[in-house]
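Report on the structure given below.
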Amino acid sequence: MRTSAEPQDRYEYPAHWEADVVLRDGGTARIRPITVDDADRLVHFYEQVSDESKYYRFFAPYPRLSAKDVHRFTHHDFVDRVGLAATVGGEFIATVRYDRIGAGGVPASGPADEAEVAFLVQDAHQGRGVASALLEHIAAVARERGIRRFAAEVLPANTKMIKVFTDAGYTQKRSFEDGVVSLELDLEPTDRALAVQYAREQRAEARSVQRLLAPGSVAVIGVGRAPGGVGRSVLANIKDAGYAGRLYAVNKAFPEDLAEADGVSAYRCVRDIEGPVDLAVVAVPAEYVPAVVAECGEHGVQGLVVLSAGYAESGPEGKVRQRALVQQARAYGMRIIGPNAFGVINTAPDVRLNASLAPEMPRPGRIGMFAQSGAIGIALLSRLHRRGGGVTGVTGVSTFVSAGNRADVSGNDVLQYWYEDQDTDVVLMYLETIGNPRKFTRLARRTAAAKPLVVVQGTGTAPQGHAVRATRLPHATVSALLRQAGVIRVDTITELVDAGLLLARQPLPAGPRVAILGNSESLGVLTYDRCLAEGLRPSRPLDLTTGATPEDFHRALSAALADETNDSVVVTAIPAIGEASPKDAELAEALRSAAAGVPGKPVLVVHVELGGLAAALSAAASTAPQAVGRAPGTESGAHLPPLSAALDRGDLRRPAERPPTAGAEAVPTAAAPPSEGTRLIPAYPAAERAVRALAEAVRYGQWRREAADPGRVPEYEDIDEKGAARLIAESLERGEGLTISDARTCELLAKYGIEVRRALPAPTPDDAVEAARALGYPVALKATAPHLRHRADLGGVRLDLADEEQLRRAYAELSELFGKPEELRPVVQGMAPRGVDTVVRAVIDPAAGAVLSFGLAGAASQLLDDTAHRLIPVTDRDATSLVRAIRTAPLLFGWRGSTPVDTPALEELLLRVSRLVDDHPEVVAVTLEPVVVAPHGASVLGATLRLAPPPARDDHGPRTMPAY
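So the sequence shown is numbered by the numbering used here: it starts at 179 and just counts up by one.
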């Protein structure tokens, strides 16, 4: 048994235990191991703890720590004795430790698998979720060190700590004796423990973003003394938007007697501001940012929006500067949007925050928007501004975030916020990169089950400044996994806005059946063809002729919506020659009123150069008052606003670089948002755009219905999980950390009910004959050399060899064609029933996680990349859809009169492989090739399997912020 007097430097410092975490209130803390250098910090921390908390910790009055206590609590071997601290600003705010114990509770070493655990949280930080975060991390450390149970003794009055243990989700035992509550926690992660962890993660990260988007007070740091400059422009934007909170201007160069700047209270330093500052917008050169961050941290600022450039986007030196920025901000418990950010916007009437470089506040609405680069953010706001006003009424933005280099706050964090945001119905995201695809797909699946999530995904080339996990998966595979998670994947900003506008105010279609009606036969046929191309089921277009009146449209649309064989309706319209603009308003009102009669089906309009109708559709649904004497179709929003106009003419200068416009001081009046239940009909200038948006909505609606019943992961009684674990451990102990032997592969797969047909080596013709006698004719002779393996098209396989003569002849042919037997590595295998050759693969990708793939064997499938993918663990519904997802799936189901194969047997095989990989993270790759699926049963003819030590932490581990 080790004693506390042993030198700590015998054990390597576990740097991978260090982590930044988001706490319940949205602030951050750093968790790290306690070392001998922390003696003074520990004493100072203990002095800040109340006598009551000390009593709860030691069960007796304990006013101060002795030198022996300090030594004990700072000297750890990081195996049997471990201490972790949560720090803010470099100072301890909470500690936790465990001591391994044996029988009778005495100190012990391995293989004892129980430890006593104890916490102490500074009173000022209680209620922030610090203890819960520490419990997750100390439990992960304990499991890594072979500890399976925690024991804790708590006084009954210490209800907060009892709740920390009982709410954690671990299997536990509880008893009461001698006035003490004794708890025993089984540290094996359970579904409930994981659900608790994810729920806490969501609340904490959502709260951290909420503090950035709805601050009670904002300080803009770097406001120039003269007009112009980024800081002064942002200050004006915040002021002009009518920000509801307290606003401050900060610049160390302000004269000491300056009280205001542009009508806003002015200060030389954040520390001079008397009240709290929730958000600081930083617009100073990069070299001055560290001093600004320190001032903000010392003043208690909750978050930063860093507009300053000169970070990772500028090269290696900037990357070092960016890393230091994140570390410094997190040390003070602050979160960062940026650096090199465009800013944030919140249109909520009780916030009205435009802390961005956008000179005008977007229309309020129910669409949340996220972009990484400022240029894309500008394009998104501009496109939605034009479409939102000129086509679909007042559909607008709830919140907007442009994260720049996303060194800290990322799309994952904002998704956590939008998931529970009651003001956001649809989420639009332009992701140049996905830093953590595994977490993103998890969050996307949950968000998409509640509200549509539309994403434009970059091609995988990371811009300068973005930290991205390396992935081995092709871009198309990642896209397929996103779709599996319910993400609506589109390719362009135009498609992003098209889909978003449809989903923001129209119900989801119940199916793919589409009615088409309008006053143009050719436009209706074009729409019909596009529906077929997108996999929809359109009915023949109803031509109302060019002489159709608004009443004709109303009757036809009402009938189409009432028809139970239609799930949605596309209305096509062309301008009538000689008709006056009021007709546009009448047609818009006719369509709106007909759609309102059957509110459960979506309606879209395809119009051709019909600006009046687009504007009238807006007016028909708008709740904003109309100006007296204004002609229909010319209300506010029908023209391009200044932001969109500037962008359209190519004026991409920052606001500070453009001459000020008259009346800039006035707060703009945004169009009133639509009342609840108002149906805004989206109109599109081209049939393909409308149909593409509708097709995405149909697919998403189908996913939502299927997600309500995701299926189950079957239990198989013949699976020997413990036996497989022993084989894996033995292989890794022997150093088999790469591809393991064929024999060991077959043995391991057999533990999961996966039988691989025996293949016996045949180094000589006589050995081949002997092997065939052992297996029984007919047999197959295969060359297994790497360049010939699984390449039947090269002629390295001979099938249906019925006797010794045929076998010897085939052996001679292979030797003549490809070389000596030692080069061929021939094997003899018993013939499997005839069927369809397929391939099953599973791989652990460092970024995306465990992925199961399926496709047909052969060069054609490889050439066409006809492979489908699912995230592990796979449910029975996933396995069913995976088999049917490939384009060549008809070959499995009797294409052209062939005999259908046993797809249930194939699906079971997929489920067993999924279970193997999910149960054992050491299994990093499995390939079953070929798998011959016959009319009855599936035969695995070849298998390879790779092992590697499992990662210390993964997405199922304790909550952590991305390391930087």
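Glycine included, C-beta positions come from ideal geometry on N, C-alpha and C.
Let me know the alpha helix (DSSP H) ranges lying completely inside the region 1048-1132, each 4 residues or longer, listed in chain order. 1054-1063, 1081-1097
Within this structure, are the beta carbons of Leu-651 and Leu-621 separated by less than 7 Å? no
Using only CA atoms, which one of Glu-452, Leu-457, Val-462 lies nearest to Ala-431? It is Val-462 whose Cα lies nearest to the Cα of Ala-431.
Does the region 1086-1103 come into contact with the region 886-898, if we say contact requires no fewer than three beta-carbon pairs (one atom in each stretch) closer than 8 Å? yes
In DSSP terms, what Gly-546 is bridged to: Thr-577, Val-605
In the DSSP assignment, find the beta strand (DSSP E) that holds Lys-351 and state where it starts and stops. 349-355
Which residues in the same chain as Thr-1058 place their Cβ atom closer than 7 Å to its Cβ, once the five residues preceding and following it in sequence are excluded? Glu-1085
Taking its Cβ as the centre, do 16 or more other Cβ atoms sit within 10 Å of Tyr-191, making it buried, or is it exposed? exposed
Since Leu-243 contacts Val-214 with CB under 8 Å, what's their CB separation in whole angstroms? Not quite, the Cβ-Cβ distance comes to about 15 Å (not below 8 Å), so this is no contact.
Would you mind reading off the limits of the alpha helix (DSSP H) that contains Leu-390? It spans 369-391 - the alpha helix (DSSP H) in which Leu-390 sits, taken as one unbroken run.
My assumption, with CB atoms under 8 Å, is that Phe-328 sits in contact with Tyr-276. Please give the rounded CB distance. 7 Å
For Arg-1048, collect the residues of the same chain with a Cβ closer than 7 Å to its Cβ; drop the 5 residues on either side in sequence, then sort them by chain order. Gln-662, Leu-1030, Asp-1056, Leu-1060
Would the region 442-453 count as touching the region 553-564 if we require 3 or more Cβ pairs under 8 Å? As far as the Cβ criterion goes, the region 442-453 does not touch the region 553-564, which means the pair count is below three.
Going by DSSP, what residue range makes up the beta strand (DSSP E) through Asn-532? 531-534
Identify which residue in Glu-269, Val-398, Leu-413, Gly-205 has its Cα closest to the Cα of Glu-225. Glu-269
What is the C-beta distance between Leu-679 and Arg-565, in whole angstroms, given that I count them as a contact (C-beta under 8 Å)? 6 Å
One question on the structure: do Leu-365 and Ala-286 come within less than 7 Å of each other, judged by their Cβ atoms? no
Nearest candidate by alpha-carbon position, reference Gly-1008, set Arg-935, Thr-1053, Leu-1042: Arg-935
What is the rounded straight-line gap between the Cα of Asp-669 and the Cα of Val-633? 8 Å
My parser needs the beta strand (DSSP E) runs of 3 or more residues fully inside the region 397-459; what are they? Secondary structure in the region 397-459: the beta strand (DSSP E) runs of 3 residues or longer, each lying completely within the stretch, are 424-428, 442-445 in chain order.
Buried or exposed, going by whether 16 or more other CB atoms sit within 10 Å of the CB of His-303? buried
If we ignore side chains and look at the alpha-carbon of each, how far apart do Gly-913 and Leu-1123 end up? 15 Å
Contact the region 525-541 vs the region 486-497: 3+ CB pairs below 8 Å: no
Cβ neighbour criterion (16 or more within 10 Å) applied to Glu-383: By the 10 Å Cβ count, Glu-383 comes out buried.
From the DSSP output, read off the bridge partner residues of Asn-524. Leu-531, Thr-577
The beta strand (DSSP E) that contains Ala-472, what's its start and end? Unbroken run through Ala-472 is the alpha helix (DSSP H), 467-477; no beta strand (DSSP E).
Ala-197 to Ala-217 span [Cα, whole Å]: 21 Å
For Ala-207, which option in Arg-508, Ala-377, Arg-967 has the closest C-alpha, if you only look at C-alpha atoms? Arg-508
Whole-number beta carbon distance between Leu-992 and Ala-961, since they are thought to touch under 8 Å: So it is a contact: roughly 6 Å between Cβ atoms.
Integer-rounded CB distance, given that Leu-201 should sit under 8 Å from Arg-306: 5 Å
Since Ala-902 contacts His-1098 with CB under 8 Å, what's their CB separation in whole angstroms? That pair is a contact at about 6 Å.
Same chain only: Cβ atoms within 6 Å of Phe-548, ignoring 5 sequence neighbours per side: Scanning its chain for C-beta atoms nearer than 6 Å, with the 5 sequence neighbours on each side dropped, one finds around Phe-548 the residues Val-579, Gly-589, Val-592, Met-607, in chain order.
Helix, strand or coil: which one does DSSP assign to Ala-844? Note that Ala-844 scores 34 on pLDDT, short of 50, meaning its location in the model is unreliable and no value can be drawn from it.
Looking at the structure shown, is His-653 part of a helix, part of a strand, or coil, going by DSSP? In the three-state reduction of the DSSP assignment, His-653 falls in the helix class.
For Asp-826, three-class secondary structure by DSSP: Bear in mind that a pLDDT of 31 at Asp-826, under 50, signals an unreliable position, so the number given afterwards is only what the model happens to contain. It is helical.
Hey, how far is the Cα of Val-248 from the Cα of Thr-923? 52 Å
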